[in-house]
């Protein structure tokens with residue numbers, strides 16, 4: 010009798026601990042909603058589409074931060090995804106020694122704290138962008154003279170900071186994450202399938218494109234979403250290089266801000282309505298990353314369920 | 237005709253393989269470039285005084301990072317102490333008690349989702365949860381923030397590690413009359429011990445460089461971390477941020493690089509050391 014009492018209380022204690030995770034998630038929602046109530050009452054849905062951010066006039070809008078977040082994330086993904094996929098394909102096929110050395114190197118790249126990326130971005134990447142990359146893009150290639158899309162890509166004025174630099178540093182950061190997940194997913198392809206593809210005369214590219222990627226597509230999507238989630242919520246790396254300008258960005262060279270960077274930058278000095286606006290931005294970020302994470306997890310779970318066959 | 241087609245296919249394949257190799261090289265060069273730059277710029281700042289003296293405002297001689305290093309260690313260890321016991325119990329719940337599969341599946345899902353929570357939001361959460369009610373920033377609040385980040389990571393690795401313990405072991409233990417509690421703690425957890433320690437240490441390595449949650453919780457101070465429970469506590473990540481963004485002085489930048497080098501070396505050593513020491517368990521996954 011006594012034994013079962015101990016067992017029961019241990020079990021309930023464990024359930025309680027596991028329940029903490031659910032409580033935490035609810036807590037995030039409740040806290041952000043409560044603290045941002047004031048802003049929703051004052052601005053309503055206009056908060057989402059207004060691009061003003063004027064603490065003196067007490068006018069706040071989330072649009073510049075949202076646009077900055079989405080555009081840096083998009084740039085990061087456009088750069089990182091093809092590289093990560095190609096690198097993962099290489100790692101899957103590489104000789105065991107090369108695979109383990111490079112695989113570990115990529116794992117370590119994921120372990121470097123983001124503030125180091127930010128600092129490196131500020132002191133090395135920003136001057137490099139200002140002196141080399143941006144003049145090349147703007148003056149040599151003149152990409153802002155491309156019709157229609159050109160004016161979103163670049164302008165003649167640049168100082169190294171901005172969306173492009175932020176996206177680039179995010180790409181460097183999320184590359185190892187995506188690569189590690191894609192590598193694991195690609196390795197799950199049954200060897201039999203792969204060998205059968207080679208057996209009928211496929212080249213590596215064809216086997217990869219037609220057999221391995223379709224087989225692991227759910228896992229690949231999951232990996233992409235995990236990387237996307239990291240890029241969305243990343244604070245420090247972006248904060249250092251984005252320029253922290255609370256205006257609608259005009260093109261990829263404009264200084265801008267992201268939701269996470271705005272919170273980190275303004276929160277310590279903010280009070281009253283501005284603080285509430287920052288909590289509202291937090292709520293938007295929470296919803297965005299929750300959505301992405303749920304997509305990521307359901308795809309990854311579908312991929313592992315697939316493995317059981 | 238046939239030959240030409242094969243030629244194009246092979247060409248595409250070669251281009252693809254070249255691109256793959258390039259991608260891998262690019263990723264690893266990026267790492268090498270960043271790490272070598274941190275080493276080059278950081279090593280100039282290193283000296284014995286740098287490790288022994290506390291940080292001081294600009295212009296004072298013999299400034300160092302000793303207080304921030306100590307504060308960071310206190311905050312991170314505090315986080316580990318707060319997060320580890322409940323996280324392991326939560327992992328046990330997911331792995332050992334399978335009589336409510338729907339609830340455990342939901343909890344596992346939320347843990348996975350929580351692992352991707354933007355860390356700046358954790359900072360906001362702890363700010364309203366602890367800093368506002370208590371009326372002051374504190375190292376403890378920083379620890380709580382890092383603990384919240386660690387919790388789902390340790391929980392999930394615990395579950396994965398316990399899942400690898402063979403069922404026969406549990407059955408044997410129960411058959412000789414041990415209780416479920418004893419079986420779980422003394423047999424299952426003990427045989428998965430290496431994996432659990434690896435999980436905890438890797439989570440620790442991950443949070444020790446987290447900056448965003450500390451900005452609103454531990455803050456920073458140019459003093460020794462004696463107010464862990466009641467006042468701003470110096471720590472490495474915020475020191476790096478302060479020195480590199482809020483200061484125009486080259487000396488501060490250099491100290492920032494020194495701190496960056498120290499934290500990178502610590503995180504990578506912890507990471508590599510853990511992986512080497514507990515290698516075979518990692519490979520079993």
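Chains as they are written, first to last, in this note's numbering: chain X, 10 to 318; chain P, 237 to 521.
For glycine and all other residues, C-beta sits at the position ideal for the given N, C-alpha and C.
Original post:
Who are the Cβ neighbours of residue 358(P) in its own chain at under 7 Å, not counting the five residues just before and after it?
Top reply: If we look at residue 358(P) and ignore the five residues flanking it on each side, its Cβ neighbours are 381, 384, 385 and 449.
**OP:** Specify the secondary structure class of residue 68(X) as computed by DSSP and reduced to three states.
**Re:** strand
Original post:
At a Cβ threshold of 7 Å, is residue 64(X) touching chain P?
Top reply: No, because no Cβ of chain P sits closer than 7 Å to the Cβ of residue 64(X).
**OP:** May I have the straight-line CA-CA distance separating residue 494(P) from residue 413(P), to the nearest angstrom?
**Re:** 57 Å
Subject >> First through last residue of the alpha helix (DSSP H) which encompasses residue 479(P) >> reply: 472-481
Subject >> Under 8 Å by beta carbon: chain P residues contacting residue 213(X) >> reply: 249, 252 and 253
**OP:** Just tell me which of 306(X), 231(X), 114(X) and 53(X) has its CA closest to the CA of residue 508(P).
**Re:** That would be 114(X), whose Cα lies nearest to the Cα of residue 508(P).
Original post:
By how many angstroms is the C-alpha of residue 283(X) removed from the C-alpha of residue 287(P)?
Top reply: 40 Å
Original post:
Which residues in the same chain have their Cβ closer than 8 Å to the Cβ of residue 126(X), if we skip the five residues on either side of it in sequence?
Top reply: Only 178, 181, 182, 245 and 246 meet the Cβ criterion.
Original post:
For the alpha helix (DSSP H) that contains residue 336(P), what are its first and last residues?
Top reply: Unbroken run through residue 336(P): none, as it is neither H nor E.
**OP:** Classify residue 244(P) as helix, strand or coil using the three-state DSSP reduction.
**Re:** helix
**OP:** Name, in chain order, the residues that DSSP records as bridge partners for residue 63(X).
**Re:** According to DSSP, residue 63(X) bridges with 68(X).
**OP:** Name the two residues that bound the continuous alpha helix (DSSP H) containing residue 113(X).
**Re:** Run containing residue 113(X): 105-120, per the alpha helix (DSSP H) assignment.
Original post:
Is the number of C-beta pairs between the segment 256-264 of chain P and the segment 467-484 of chain P that are closer than 8 Å three or more?
Top reply: no
Subject >> Among 123(X), 52(X), 60(X) and 12(X), the one whose alpha carbon lies nearest that of residue 503(P) >> reply: Selected option, being the one with the closest Cα: 123(X).
Original post:
Candidates 514(P), 318(P), 299(P) and 248(P): which alpha carbon is nearest residue 433(P)'s?
Top reply: 514(P)
**OP:** Spatial neighbours of residue 391(P) within its chain, please: CB distance less than 6 Å, with the 5 preceding and 5 following residues excluded, ordered by chain position.
**Re:** 323, 326, 327 and 347
Original post:
Which residues in chain X sit within 7 Å of residue 325(P), going by Cβ to Cβ distance?
Top reply: 22, 23 and 26
Original post:
Can you give the Cα-Cα distance for residue 317(X) and residue 251(X), rounded to whole angstroms?
Top reply: Any reading at residue 317(X) is ruled out, since the residue's pLDDT is 42, under 50, leaving its predicted position unreliable.
Original post:
At a CB-CB cut-off below 8 Å, which residues of chain P make contact with residue 140(X)?
Top reply: What residue 140(X) touches in chain P: nothing, since even the nearest Cβ is about 16 Å away.
Original post:
With 7 Å set as the bound, which would you pick, yes or no: does the beta-carbon of residue 303(P) sit closer than that to a beta-carbon of chain X?
Top reply: no
Subject >> residue 361(P) and residue 37(X) closer than 7 Å at C-beta >> reply: yes
Original post:
Less than 7 Å separating the beta-carbons of residue 45(X) and residue 292(X)?
Top reply: yes
Original post:
Is there a Cβ from chain P that is less than 7 Å from the Cβ of residue 238(X)?
Top reply: At least one CB of chain P lies nearer than 7 Å to the CB of residue 238(X).
Subject >> C-alpha gap between residue 264(P) and residue 111(X), whole angstroms >> reply: 8 Å
Subject >> chain X contact residues for residue 387(P), given Cβ-Cβ distances below 8 Å >> reply: 29, 30 and 33
Original post:
Just checking, does the segment 304-317 of chain P make contact with the segment 330-339 of chain P on the three C-beta pairs under 8 Å criterion?
Top reply: no
**OP:** For the segment 246-311 of chain P, list the alpha helix (DSSP H) runs that are entirely contained and at least 4 residues long, ordered along the chain.
**Re:** 284-288
**OP:** For the segment 263-273 of chain X and the segment 152-159 of chain X, state whether three or more C-beta atom pairs, one from each stretch, are separated by less than 8 Å.
**Re:** No: fewer than three Cβ pairs fall under 8 Å.
Subject >> Close beta carbons around residue 276(X), own chain, < 6 Å, minus the five adjacent residues each side >> reply: 287
Original post:
According to DSSP, is residue 29(X) helix, strand or coil?
Top reply: Helix.
**OP:** Kindly give me the distance between the Cβ atoms of residue 231(X) and residue 198(X), rounded to whole angstroms, as I take these residues to be in contact under 8 Å.
**Re:** About 15 Å; that fails the 8 Å criterion.
Original post:
At a Cβ threshold of 7 Å, is residue 357(P) touching chain X?
Top reply: yes
Subject >> Inter-stretch contact (C-beta, 8 Å, three-pair minimum) for the segment 14-28 of chain X and the segment 254-266 of chain X >> reply: Counting Cβ pairs under 8 Å, fewer than three are found: no touch.
Subject >> Interface residues of the segment 121-153 of chain X facing chain P [CB-CB below 9 Å] >> reply: Listed by position, the residues of the segment 121-153 of chain X near chain P (Cβ gap below 9 Å) are 121, 122, 123, 124, 125, 126, 127, 128, 129, 131, 132 and 133.
**OP:** Would you list the one or two residues that DSSP bridges to residue 466(P)?
**Re:** Answer by DSSP bridge pairing: none, since residue 466(P) is not bridged.
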